[in-house]
Structures are given as C-alpha cells and as structure tokens.
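Structure first, then comments.
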Amino acid sequence: VRTWAEETEAKLVETVFGEDAVAESGERETGEGYYADTIRPIFEEKCFSCHGTEKQKADYRMDTIEGLFAAGESEIDPIVPGRPLESYLVELITLPEEDDYVMPPSGKESLTPEETLTVIRWIWDGAETGAREVANR
Numbered sequence: 001v002r003t004w005a006e007e008t009e010a011k012l013v014e015t016v017f018g019e020d021a022v023a024e025s026g027e028r029e030t031g032e033g034y035y036a037d038t039i040r041p042i043f044e045e046k047c048f049s050c051h052g053t054e055k056q057k058a059d060y061r062m063d064t065i066e067g068l069f070a071a072g073e074s075e076i077d078p079i080v081p082g083r084p085l086e087s088y089l090v091e092l093i094t095l096p097e098e099d100d101y102v103m104p105p106s107g108k109e110s111l112t113p114e115e116t117l118t119v120i121r122w123i124w125d126g127a128e129t130g131a132r133e134v135a136n137r
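Here is the structure:
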C-alpha cells in the first residue's frame with residue numbers, strides 16, 4: 001500500500017515520463033553529499049553556462065546555494081523543498097522542448113528524463129544541500 005506522498009509522486013512521474021517510468025523509478029539514495037555528488041553536477045553541466053558565475057540570465061543564479069533558492073526575475077520560488085509541483089524550476093525543466101520557456105532553452109542540451117526525475121525527487125525529498133553554503137569548486 002502506497003502513502004499519499006508515494007502515490008502523488010507516482011502520478012507526477014507517470015505524467016512527466018510515461019507509465020513505464022513509475023515501475024523503473026525504484027529506490028533512491030539521498031543524504032549527506034547527495035546534492036554535491038548528484039544534483040550539482042547536473043546543474044553544472046546543463047544550467048551554469050546561463051545561470052552561473054559569468055551569466056545570470058533572468059537574474060537567476062544556480063551556482064550558489066543562496067542563488068539556487070532565490071527567485072529571479074520571475075519572482076517565483078524556483079525550489080520549494082518538499083513541493084516539486086510548486087517549484088518553478090520543475091515547471092521549466094518539464095515543459096515541452098518547443099515551448100519558449102523550457103529550460104535549458106532550445107539549442108542547449110536538455111536534461112535527460114533520468115536527470116529531470118532526479119531533480120524532481122531531490123526537491124520532493126526536501127532539496128537538502130548538505131550545507132547552507134556550497135562554494136564553487
């Protein structure tokens with residue numbers, strides 16, 4: 001028997017990735033170092049070129065913890081820990097590729113379905129960073 005949270009997550013996964021993704025999603029690892037080892041590398045590869053040290057498109061910066069959680073130009077919370085459906089970042093990374101607001105934008109390498117699901121689950125699980133400040137490495 002699934003809890004309400006597990007059922008809601010399963011519906012989210014099915015909606016975003018299709019029916020088979022729920023069965024394949026399995027258990028996930030979280031905890032100390034998860035952000036630095038799993039989440040940050042996704043952001044580094046796919047997001048930092050536009051939302052990092054040198055550029056902060058839409059006044060949003062993802063290479064610092066403070067910037068990651070601070071609303072940019074949109075004034076909408078990008079990450080609401082425990083609530084991926086209320087997180088603007090999730091909305092943007094799950095839009096269809098042809099949408100003008102999809103992130104990363106057209107012409108840039110998109111997040112894979114696995115990466116997208118990993119980010120969604122990280123937010124669902126509380127968006128822990130392991131530290132309030134993760135400096136640029």
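Mapping the sequence shown onto my numbering, position 55 (from 1) lands on 55, and the numbers just tick up by one. Glycine is no exception: its CB is placed at the ideal position from the N, C-alpha and C atoms.
**Item:** Neighbour-count burial assignment, K46, 16 or more Cβ in a 10 Å radius
**Value:** buried
**Prompt:** In terms of residue numbering, what span does the alpha helix (DSSP H) encompassing C50 cover?
**Reply:** F48 to H51
**Request:** Throw me the rounded Cβ distance for the D59 and E73 pair, which I believe falls under 8 Å.
**Result:** 4 Å
**Asked** Taking E109 as the reference, which of S49, E14, R83 and Y35 has the closest Cα?
**Response** S49
**Request:** Drop a sphere of 10 angstroms on the beta-carbon of L95, count the other beta-carbons inside from all chains shown, and report buried for 16 or more, exposed for fewer.
**Result:** exposed
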